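K.L.:
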């Protein structure tokens, strides 16, 4: 039972991945499937760090050592007391240093074949960036575009249901990429968490088959699309959904009906447009929001905000927009969306 540093390419050889970092570090991003067993919690980590800076490294290690021992003992009693002898954990911390090293030593003293991830989370992070840069340029992307309300996300979902490969960036980012784009009950992940989830999606694709994706700008909410993927998206083939204004408005009113449940929140979201709109226009829109009058509000948003923004931005974002295959549509009901997806999938 040798003790050797393990690389990210060997993750599948272990029973469990243990993240020994603090809960706050774990919440920002972690290896997929890892459980959080901190050897120092957030407050303990702060105390040790402050002691290191204000007193000495020796005092910090002395205080931290006692905390680490207590926390590892608690994990052994609460989480691992029933694990069999052949249980094989891989432990990591920030850099593959003292926190994971201490944990591994205790687990190995018990008799388990515990190992330490070489380079820790930083090695994983480098792996994520490397894989995105490697895979993204190889993707045979088909980019769906169309003005807001064209049901692009729903078309992607219908394509996926029909067995097509789909990359849903807005789902990964938990944001629809517009002023009203926040998803109820789903806060956006951290940038690192977004990229970890993205890398997992990219890794599952068959690179010999096409991948459908929605046209996106550089930012989705507060998150940034990694440059290798953004460049591939911008240079790829484009399919433009040309839905009628009536179909788009009906779709938006169904898809965003939940906004009427929080009229003040909707008015506040619209307030972020104050630099782009005349004061009287914004005041009217916010009044509609507060009175839950979504039809005139969404009609005005389409005509005065979303459509002009689309006309200005798509030519910059999509190099092959001028050669896009355009698909007309006047029905964005559930049945209409499924029919639209099947038609798009059949395009040469």
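Numbering (UniProt numbering), first residue to last: 1 to 348. Backbone N, C-alpha and C fix where the C-beta goes; we use that ideal spot for every residue, glycine too. Please read all numbers here as calculations on a predicted model, not as lab measurements.
With a threshold of 6 Å on Cβ separation, who are the neighbours of residue 135 within its own chain once the five nearest residues in sequence on each side are excluded?
P.N.:
202, listed in sequence order.
K.L.:
Report yes if the C-beta distance between residue 16 and residue 103 is below 7 Å; otherwise report no.
P.N.:
No, the Cβ-Cβ distance between residue 16 and residue 103 is not below 7 Å.
K.L.:
Are three or more beta carbon pairs between the region 210-224 and the region 128-145 nearer than 8 Å?
P.N.:
Touching, per the Cβ criterion.
K.L.:
Assuming residue 214 is part of the beta strand (DSSP E), what are its boundary residues?
P.N.:
210-214 is the span of the beta strand (DSSP E), which, as asked, contains residue 214.
K.L.:
Within 8 Å, do at least three Cβ pairs link the region 145-163 to the region 308-321?
P.N.:
Touching, yes, given that three or more Cβ pairs across the two stretches are closer than 8 Å.
K.L.:
Between the region 289-305 and the region 319-331, can you find at least three pairs of beta-carbon atoms closer than 8 Å?
P.N.:
No: fewer than three Cβ pairs fall under 8 Å.
K.L.:
Taking one C-beta from the region 216-230 and one from the region 51-65 each time, how about it: are there three or more such pairs within less than 8 Å?
P.N.:
With the cut-off at 8 Å, the region 216-230 and the region 51-65 do not touch.
K.L.:
Please name the residue, chosen from 276, 80, 288, that lies closest to residue 259 on a Cα-to-Cα basis.
P.N.:
When each option's Cα is compared against that of residue 259, the closest is 288.
K.L.:
Checking 7 Å against the spacing of the C-beta atoms, do residue 175 and residue 234 come in under that value?
P.N.:
Going by C-beta atoms, residue 175 is not nearer than 7 Å to residue 234.
K.L.:
How many Å lie between residue 58 and residue 125 at the Cα?
P.N.:
For residue 58 and residue 125, the distance between alpha carbons rounds to 30 Å.
K.L.:
Would you mind sorting residue 340 into buried or exposed? The rule is 16 or more other CB atoms within 10 Å of its CB.
P.N.:
With 16 or more Cβ atoms within 10 Å of its Cβ, residue 340 is classed as buried.
K.L.:
In terms of residues, what are the limits of the alpha helix (DSSP H) holding residue 16?
P.N.:
Counting along the chain, residue 16 falls outside any alpha helix (DSSP H), though it belongs to the beta strand (DSSP E) covering 16-19.
K.L.:
Whole angstroms is fine: what's the gap from residue 152's alpha carbon to residue 303's?
P.N.:
Going by the C-alpha atoms only, they are around 18 Å apart.
K.L.:
Quick one: using the 10 Å Cβ neighbour count with 16 as the cut-off for buried, is residue 19 buried or exposed?
P.N.:
Classification for residue 19: buried.
K.L.:
Quick one: is residue 165 buried, meaning 16 or more other Cβ sit within 10 Å of its Cβ, or exposed?
P.N.:
By the 10 Å Cβ count, residue 165 comes out buried.
K.L.:
Count the other CB atoms within 10 Å of the CB of residue 91; is the residue buried (16 or more) or exposed (fewer)?
P.N.:
Under this definition residue 91 is a buried residue.
K.L.:
Is residue 328 a contact residue of the ligand MN, with contact defined as CB to any heavy atom under 6 Å?
P.N.:
The ligand MN is not among the ligands present in this structure, which contains no ligands whatsoever.
K.L.:
Please report the distance separating the alpha-carbon of residue 242 from that of residue 325.
P.N.:
Taking the straight line from one Cα to the other gives about 10 Å.
K.L.:
According to the neighbour-count rule (16 or more other Cβ atoms, all chains shown, within 10 Å of its Cβ), is residue 286 buried or exposed?
P.N.:
With 16 or more Cβ atoms within 10 Å of its Cβ, residue 286 is classed as buried.
K.L.:
Out of curiosity, what's the CA-to-CA distance linking residue 43 and residue 231?
P.N.:
Roughly 42 Å between the two C-alpha positions.
K.L.:
Determine the burial state of residue 89: buried for a count of at least 16 other Cβ atoms within 10 Å of its Cβ, exposed for fewer.
P.N.:
Buried, because 16 or more other Cβ atoms sit within 10 Å of the Cβ of residue 89.
K.L.:
Within 10 Å of its beta-carbon, does residue 117 have 16 or more other beta-carbons around it, so buried, or fewer, so exposed?
P.N.:
Residue 117 comes out buried.
K.L.:
Excluding the 5 residues preceding and the 5 following residue 372 in the sequence, name in chain order all residues of the same chain whose CB lies nearer than 6 Å to its CB.
P.N.:
The chain is shown from 1 up to 348; residue 372 falls before or after that span and cannot be answered.
K.L.:
In this structure, how does DSSP classify residue 359 when only helix, strand and coil are distinguished?
P.N.:
As displayed, the chain neither begins before 1 nor continues past 348, which places residue 359 out of reach and without an answer.
K.L.:
As an exercise, report each continuous beta strand (DSSP E) stretch of at least 3 residues that is fully enclosed by the region 189-239, in chain order.
P.N.:
Listed in chain order, they are 210-214.
K.L.:
Rounded to whole angstroms, how far is the Cβ of residue 198 from the Cβ of residue 159, which I believe are closer than 8 Å?
P.N.:
Not a contact, Cβ separation roughly 19 Å.
K.L.:
Return the bridge partner residues of residue 183 from the DSSP annotation.
P.N.:
According to DSSP, which records beta bridges pairwise, residue 183 is partnered with 186.
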